[in-house]
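Structure, as structure tokens:
Here it is in structure tokens:
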């Protein structure tokens, strides 16, 4: 029997935010079993701990259909569960992921774990051809005139690539009727995991929706990895206020699915260069359970 937890990340309210599966003891699971358990849980991502140490934890992430290199909300959920299980008391801790090492920071209130912050991978970006503006708009179910011309439309990554499409306001964002088959084809052509639409709500506040059918996720409720990449993209492009070498912002996501959550981001800057991307938020345990392994399984 394999113990698992279901945790809602980027929220303090059960049933909101983004649900992740967490398996703290997956050392003996084969890749096929991880895929099967992730599909069984049905969360957008499930994180498996394959080696647990005092200062370093090796993990793998799976959607219901495939393995991915990194996942922000599942990392947040894992941090909470490690703290609640007594494996992490707030000292230095790094996750070893397929995307690289991810340092974690724990914030507690009155001795109770409150927030988890992660330092994401090096920010990378590449331009998207302006000729794709109309095609991306059609895939999202809108007119190309609804795309914001003053905010960056580009591909970016802090561990997982997304195509970022800026819209004029959150009302357009809420009314999107995406063609998921077309988005999946575009994602493959652009070599990204998702198409991430966003709209300004203030100087450093944004609303967002993330469509990842290419990864088996029609719409991701609240996305930590893409949230970090977006804020880094905006900071690098001079679209966020920078004070004392830092730019901060909040992304609101999940409202269209009835599961609102908040992603907090802090960017370290040196001139116009992004030095580090930090993403944080709260999480809450939803439920725990046991998954029965079928007998006679063979390792991959």
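Residue numbers (the UniProt record's numbering): 1 to 300.
Virtual Cβ for every residue (Gly too), placed ideally from N, Cα, C.
Here the structure is a predicted model, which is why all the values come from computation and not from measurement.
* **Of the listed residues 143, 11, 112, nearest to residue 281 (C-alpha basis)** => 11
* Asked: If you check the beta carbons only, do residue 76 and residue 20 fall under 9 Å apart?
  -> yes
* **Reference residue 143, options 117, 284, 175, 230, closest by Cα** => 175
* To do: Kindly confirm or deny that the region 50–60 and the region 12–32 touch, where touching means at least three C-beta pairs closer than 8 Å.
  => yes
* Asked: Is the region 231–245 touching the region 123–133 in the sense that three or more CB pairs, one from each, lie closer than 8 Å?
  -> yes
* Asked: Any chance the region 96–104 sits against the region 65–75, with 3 or more Cβ pairs inside 8 Å?
  -> yes
* Kindly indicate the opening and closing residues of the beta strand (DSSP E) around residue 119. => 112–119
* Asked: residue 140: buried (16+ other C-beta within 10 angstroms of its C-beta) or exposed?
  -> buried
* Asked: From 97, 71, 8, 111, pick the residue whose C-alpha is nearest to that of residue 90; which is it?
  -> 111
* Taking the C-alpha atoms as reference points, what is the distance between residue 214 and residue 64? -> 12 Å
* Among 15, 82, 16, which one has its Cα closest to the Cα of residue 48? -> 82
* Does DSSP put residue 169 in a helix, a strand or coil? -> coil
* **Meets three-Cβ-pair contact criterion under 8 Å: the region 37–46 and the region 92–102** => no
* To do: Assuming residue 209 and residue 197 form a contact by the criterion Cβ under 8 Å, report the distance between their Cβ atoms to the nearest whole angstrom.
  => 5 Å
* **Contact set for residue 22: own chain, Cβ-Cβ below 6 Å, skip 5 residues either direction** => 5, 7, 47, 77, 78, 81
* Going by the CB atoms, is the gap between residue 279 and residue 88 shorter than 9 Å? -> no
* Taking 8 Å as the line, does the beta carbon of residue 200 fall inside it for any heavy atom of the ligand PLP? -> Questions concerning the ligand PLP fall outside what the structure shown contains, since it holds no ligand whatsoever.
* To do: For residue 205, I'd like the list of residues in its chain whose CB is within less than 6 Å of its CB, leaving aside the five on either flank, ordered along the chain.
  => 250
* To do: Quickly, what does DSSP pair residue 269 with across the bridge? List them, please.
  => 274
* To do: Helix, strand or coil for residue 182, going by three-state DSSP, please let me know.
  => helix
* **Simplified DSSP state of residue 300, which is helix, strand or coil** => Below a pLDDT of 50, predicted positions are generally treated as unreliable, and residue 300, at 46, falls in that range; no measurement from the model is reported.
* Measure the alpha-carbon distance for residue 138 versus residue 172 and round it to whole angstroms. => 13 Å
* Asked: Are there 16 or more other CB atoms within 10 angstroms of the CB of residue 298, so buried, or fewer, so exposed?
  -> With a pLDDT of only 46 at residue 298, under 50, the local geometry of the prediction cannot be trusted, and the value read off the model is given with reservation. Per the 10 Å Cβ criterion, exposed.
* Spatial distance of residue 289 from residue 218 (CA atoms) -> 26 Å
* Asked: Is it true that the CB of residue 263 sits closer than 9 Å to the CB of residue 203?
  -> no
* Asked: What is the C-beta distance between residue 237 and residue 152, in whole angstroms, given that I count them as a contact (C-beta under 8 Å)?
  -> 5 Å
* So residue 260 and residue 16 are in contact, right, with Cβ under 8 Å, and what is the actual spacing, rounded? -> 6 Å
* Using DSSP bridges, identify the partner residues of residue 248. => 266
* With DSSP run on the structure shown, which of helix, strand or coil describes residue 10? -> coil
* residue 17 - DSSP class collapsed to helix/strand/coil -> coil
* Asked: DSSP on residue 86, reduced to helix/strand/coil?
  -> coil
* Asked: Going by Cα to Cα distance, which pick from 190, 240, 272, 212 is closest to residue 66?
  -> 212
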